[in-house]
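Student:
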Amino acid sequence: MSTETLDLSSTPAIPFTRLVQVELRKMYDTRAGRWLLISIAGLTGLVLVIQLIVLLVKDQSATLGSFGAGANIPMVILLPVLGVMSVTGEWSQRTAMVTFALVPSRGRVIAAKYVSALAIALIAVVVAYVLMIVANLLYGAFSSHPMVWDFGGAFGIFLVFLLYVISLSIGFAFGAAILNTAGAIVVYFVYDFVLPGLMELGAHLLSWFHSIRPWIDFSNAQTPLQGGSSVTGQQWAHLLVSGSIWLGIPLAIGIRRMLRAEVK
Amino acid sequence: MIHVEGLTRKYGSFTAVDDISFECRQGTVTGFLGPNGAGKTTTMRVMVGLTPATHGQVTIGGHHYREIPNPGRHVGVLLDASAQHAGRTGREVLLLSSRTMGLPDSRVEEMLERVSLEPAEAKRTVRNYSLGMRQRLGIANALLGDPQVLILDEPANGLDPAGIRWMRDLLKGYAAQGGTVLLSSHLLHEVEQVADEMVVIGRGRIVARGTRAQLLRSASGGLATTLVTAVDNEQLHRALTVKGIEATAAGASLRVSAEPIDVGRVAAEGSIVLTDLRAGNEDGLEELFLQLTADSQREGAPQQPAQPMPEGVNP
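Read top to bottom, the protein sequences are chains U and H.
The first sequence begins at 1 in the working numbering and counts up one residue at a time.
The second sequence begins at 1 in the working numbering and counts up one residue at a time.
1. DSSP on Ile14/U, reduced to helix/strand/coil?
2. Could you tell me which of Glu5/H, Gly72/H, Arg66/H and Ser257/H sits nearest to Thr54/H, measuring between CA atoms?
3. Who are the neighbours of Gly89/U on chain H, taking C-beta pairs under 7 Å?
4. Using a beta-carbon distance cut-off of less than 8 Å, what residues from the stretch 101-131 of chain H approach chain A?
5. At the 8 Å Cβ level, is Thr223/U part of the contact set with chain H, yes or no?
6. Please report how far the alpha carbon of Gly202/U lies from the alpha carbon of His145/U, in whole angstroms.
7. Apart from the five residues just before and just after Ile245/U, which ones in its own chain have a Cβ nearer than 8 Å to its Cβ?
8. For the candidate residues Glu23/U, Gly248/U, Ser61/U and Leu8/U, whose alpha-carbon lies nearest to that of Phe142/U?
9. Can you list, in chain order, the residues of its chain whose CB lies under 8 Å from that of Gly210/H, leaving out five sequence neighbours each side?
10. What separation, rounded to the nearest whole angstrom, lies between the Cα atoms of Pro35/H and Thr42/H?
11. Which residues, taken in chain order from the stretch 93-119 of chain U, show a beta carbon closer than 7 Å to some beta carbon of chain H?
12. DSSP three-state label for Arg265/H, please.
13. Grouping DSSP H, G and I as helix and E and B as strand, with all else coil, what is Ala249/H?
14. Between the C-alpha atoms of Ala269/U and Gly171/U, what's the straight-line distance to the nearest angstrom?
15. Any beta-carbon of chain U closer than 8 Å to the one on Gln177/H?
16. When you compare the CB of Lys58/U with every CB in chain H, is at least one pair closer than 8 Å?
17. Going along the chain, which residues of its own chain have a beta-carbon closer than 6 Å to the beta-carbon of Ala135/U, five neighbours each way excluded?
18. Going by DSSP, what residues sit across from Ser184/H in a beta bridge?
19. Identify which residue in Leu163/U, Leu195/U and Thr99/U has its Cα closest to the Cα of Val266/U.
20. Span of the beta strand (DSSP E) holding Tyr11/H?
21. Using three-state DSSP, classify Ala208/H as helix, strand or coil.
22. Taking only beta-carbon positions, decide if His55/H is within less than 8 Å of chain U.
23. Mind listing the chain H neighbours of Ala32/U? Cutoff is C-beta to C-beta under 8 Å, in chain order.
24. Is the Cβ of Val84/U closer than 8 Å to any Cβ of chain H?
25. Which residues of the stretch 47-79 of chain H have a Cβ closer than 7 Å to any Cβ of chain U? Give them in chain order.
26. Determine which residues of the stretch 22-53 of chain U have a Cβ less than 7 Å from any Cβ of chain H, and write them out in chain order.
27. Name the chain U residues whose beta carbon is nearer than 7 Å to that of Met1/H?
28. Evaluate the contact criterion for the stretch 176-186 of chain U versus the stretch 84-99 of chain U: three or more CB pairs, one atom per stretch, below 8 Å.
29. Strictly below 8 Å CB to CB, what residues from chain U border Gln135/H?
30. Could you round the C-beta distance between Val263/U and Ala112/U to whole angstroms and report it? I think they count as a contact, below 8 Å.
31. Work out the CA separation of Tyr129/H and Phe32/H for me, nearest whole Å.
32. Is it true that the CB of Ala230/H sits closer than 8 Å to the CB of Ala279/H?
33. Whole angstroms are fine: how far does the CA of Arg18/U sit from the CA of Pro119/H?
34. What residues from the stretch 179-210 of chain H come within 8 Å of chain U, judged by C-beta to C-beta, listed N to C?
35. Could you check where the alpha helix (DSSP H) with Ile50/U kicks off and where it finishes?
36. How should Gln222/U be labelled, buried or exposed, when 16 other C-beta atoms within 10 angstroms of its C-beta is the threshold for buried?
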């Protein structure tokens, strides 16, 4: 009856899967989110169409892997933007106040967001492969060259997934560290377009830099993931070391910031 | 139900909330009053675990908010009606909360109806909502999980007079069914008719607490005051003077330094016909509020329009 306490015994905690479902829904239930997803798929398709036309006009030989390389270009540029928006949307639109009031454990919300970003990466892989296969079929239909289905097996598909996961994670990390959509996207593009150039320049000018470059150039270290079917132990090590610097550190800063930031 | 114990929140050297304590009882509406920047929002944010307390604590039904599993099912929260994604529809906003809490989707329609948001309005994006509609959506969001406690920050802000009345009735009904409500406002008139008890805060400190009647009494310097109008005021004035009760003319009425019941008795004994009899000085509460929070108004930039101090009230 009129007790001044809340009886919590019949209230189960919110299961993690439900949080993931809600976070996934948040990625496409706004016009901005929906259009970003549509344009990622659309641009990937467009790149493949252009590639197909160029290949046919020049009568060059191509394989499924060639289309894979084409599809990766828009994916790797745009998936980070999606990663950024999955985090910053809550802050710039101030919905984090509602989210964290419903789920006070911020760590679980962040984890759910990340898992839903991984789900998007998986969907992106499926979309990319469907588009690649269509492109290769059209190529086979119109080209004098034979179709080549170099799938690279499950491991090849896994490498593409890993590449997309890294792309999304970079966006996620910058989004979390900066908590502002425009700011995070700008920093990401500087990071993505300026940093490799600086690495290149440094390697040219400084011999000591040249020798350590494979260990700190994250962008280069991802090259084996692009259309490769085998990755050597040393390549994995390069990816791991450079990744902990350029992805691990921003991600750690970002998660720390999200856990502590005052939600205004 | 809500216990605030010695709560302090500092931002660097600035103390937003300074050692405040109060409680909200079950089945009542507590009004949390104060000018902008007095610490109301900070206090409410600490309540729901969005801001950590520097000292002290808040418990809701004996629990810290963060320890409540699925808190939306127990505590309905509206902190800022504009804190919604502009690109989501009203229905989608409620659907996300409803799914997070694990409620059936049909609950969303029920709540839309409860706050009188039309189906066509619910399909619009929040970007196109007026502040009043956002408030209704925010209240729907707070009520979704059928909570036992409601914490609402400035819920009447942006509502039209009909909307304010609607909210008043809703909150009164909610409290009558055993719910506990804490609502904040910087406008006294939004709160005084609905709140069973009021907590007035200024510059992070509680400057007054109590029921409306208690606050009214303190507005009259601790003495009971009655405002009375008789068909023949002169006659009533004489009758009161005979009993040794002080009365002064106040417009078409008399302001009497006594309880309404005593004034009524005097009138009945003298067979004097009254047309109006009420407790306290109605304006007194407004004056008291301004006076209590006067120190906490920003100098040079008053939050409220400057009002002349009534005679006889010394700040």
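Ideal Cβ positions, reconstructed from N, Cα and C, are used throughout, including at glycine.
Being a predicted model, the structure only gives us computed values, none of them experimental.
Tutor: Once the coordinates are examined:
1. Residue 14/U sits at position 14 when you count from the first residue of the first sequence. Ile14/U: coil per DSSP, three-state reduction.
2. For the purposes of this step, residue 54/H is taken as residue 54 along the second sequence, with counting starting at 1. Of the candidates Glu5/H, Gly72/H, Arg66/H and Ser257/H, the residue whose Cα lies closest to the Cα of Thr54/H is Glu5/H.
3. Counted from its first residue, the first sequence places residue 89/U at position 89. Neighbours of Gly89/U on chain H, chain order: His85.
4. In the displayed structure, chain A is absent; the protein chains listed are U and H.
5. Along the first sequence, one-based indexing puts residue 223/U at 223. Residue contact check for Thr223/U against chain H: no CB pair falls below 8 Å.
6. Taking the first sequence and counting its residues from 1, the one referred to as residue 202/U is at position 202. Taking the first sequence and counting its residues from 1, the one referred to as residue 145/U is at position 145. Roughly 42 Å between the two C-alpha positions.
7. Counted from its first residue, the first sequence places residue 245/U at position 245. Cβ neighbours of Ile245/U beyond the five flanking positions: Ile216 and Phe218.
8. Your numbering for residue 142/U matches position 142 in the first sequence. Comparing C-alpha distances from Phe142/U to each of Glu23/U, Gly248/U, Ser61/U and Leu8/U shows the shortest one belongs to Ser61/U.
9. Working through the second sequence from its first residue, we reach residue 210/H at position 210. Take Gly210/H, set aside five residues on each side of it, and the residues of its chain with a beta-carbon closer than 8 Å to its own are Glu197, Met198 and Ser218, in chain order.
10. Residue numbering aside, residue 35/H sits at position 35 when the second sequence is read from its first letter. Residue numbering aside, residue 42/H sits at position 42 when the second sequence is read from its first letter. Straight-line Cα distance between these residues: approximately 13 Å.
11. So the close ones are Gln93, Arg94, Thr95, Met97, Val98, Phe100, Ala101, Leu102, Val103 and Pro104.
12. Numbered from its first residue, the second sequence carries residue 265/H at position 265. In this structure, Arg265/H counts as helix in the three-state DSSP scheme.
13. Taking the first residue of the second sequence as 1, we reach residue 249/H at position 249. Looking at Ala249/H - three-state DSSP - the assignment turns out to be strand.
14. The structure shown does not extend to residue 269/U, since chain U is modelled only from 1 to 264, so the question has no answer here.
15. Residue 177/H sits at position 177 when you count from the first residue of the second sequence. Contacts with chain U at 8 Å (Cβ-Cβ) do not include Gln177/H.
16. What you label residue 58/U is simply residue 58 of the first sequence in a count that begins at 1. Not one chain H Cβ lies under 8 Å of Lys58/U.
17. By 1-based counting over the first sequence, the position of residue 135/U is 135. Leu48, Leu52 and Phe67, listed in sequence order.
18. Residue mapping note: residue 184/H aligns to position 184 of the second sequence, counting from 1. DSSP, once it has assigned bridges, lists Phe32/H as partnering Ser184/H.
19. Here chain U covers residues 1 to 264 and nothing more, so residue 266/U does not appear.
20. Sequence index remark: in the second sequence, residue 11/H carries index 11 (1-based). Under the DSSP assignment, Tyr11/H falls in the beta strand (DSSP E) whose first and last residues are Ile2 to Tyr11.
21. Residue mapping note: residue 208/H aligns to position 208 of the second sequence, counting from 1. Three-state DSSP puts Ala208/H in a strand.
22. The residue you call residue 55/H lines up with position 55 of the second sequence. Among the residues facing chain U, His55/H is not included, as its CB has no counterpart in that chain under 8 Å away.
23. Locating residue 32/U in the first sequence gives position 32, where the first residue counts as 1. In chain order: Gly87.
24. As a first step, residue 84/U must be located in the first sequence, where it is residue number 84. Chain H, which has no Cβ nearer than 8 Å to the Cβ of Val84/U, makes this no.
25. Residues Val48, Gly49, Leu50, Thr51, Ile60, Gly61, Gly62, His63, Tyr65, Arg66, Ile68, Pro69, Asn70, Pro71, Gly72, Arg73, His74, Val77 and Leu79.
26. Val22, Arg25, Lys26, Asp29, Thr30, Arg31 and Ala32: these are the residues of the stretch 22-53 of chain U whose beta carbon lies less than 7 Å from some beta carbon of chain H, given in chain order.
27. For this step, residue 1/H is matched to residue 1 along the second sequence. Residues of chain U with a Cβ closer than 7 Å to the Cβ of Met1/H are, in chain order, Glu4.
28. Yes: at least three Cβ pairs fall under 8 Å.
29. Here the question's residue 135/H lines up with position 135 in the second sequence. Within 8 Å Cβ-Cβ: nothing; Gln135/H doesn't reach chain U, min ~14 Å.
30. Working through the first sequence from its first residue, we reach residue 263/U at position 263. Working through the first sequence from its first residue, we reach residue 112/U at position 112. Contact between Val263/U and Ala112/U fails: their C-beta atoms lie close to 16 Å from each other, not under 8 Å.
31. Residue mapping note: residue 32/H aligns to position 32 of the second sequence, counting from 1. Residue mapping note: residue 129/H aligns to position 129 of the second sequence, counting from 1. Looking at the two C-alpha atoms, the distance is approximately 26 Å.
32. One-based indexing of the second sequence puts residue 279/H at position 279. One-based indexing of the second sequence puts residue 230/H at position 230. Ala279/H is not a Cβ neighbour of Ala230/H, given a cutoff of 8 Å.
33. Along the second sequence, read from residue 1 onward, the residue named residue 119/H stands at position 119. Along the first sequence, read from residue 1 onward, the residue named residue 18/U stands at position 18. The C-alpha of Arg18/U is placed about 26 Å away from the C-alpha of Pro119/H.
34. None of the residues of the stretch 179-210 of chain H has a beta carbon lying less than 8 Å from any beta carbon of chain U.
35. Here residue 50/U is taken as the residue at index 50 of the first sequence, counted from 1. In the DSSP assignment, Ile50/U falls within the unbroken alpha helix (DSSP H) covering Arg31 to Val57.
36. On the first sequence, position 222 is the one that residue 222/U refers to. Per the 10 Å Cβ criterion, buried.
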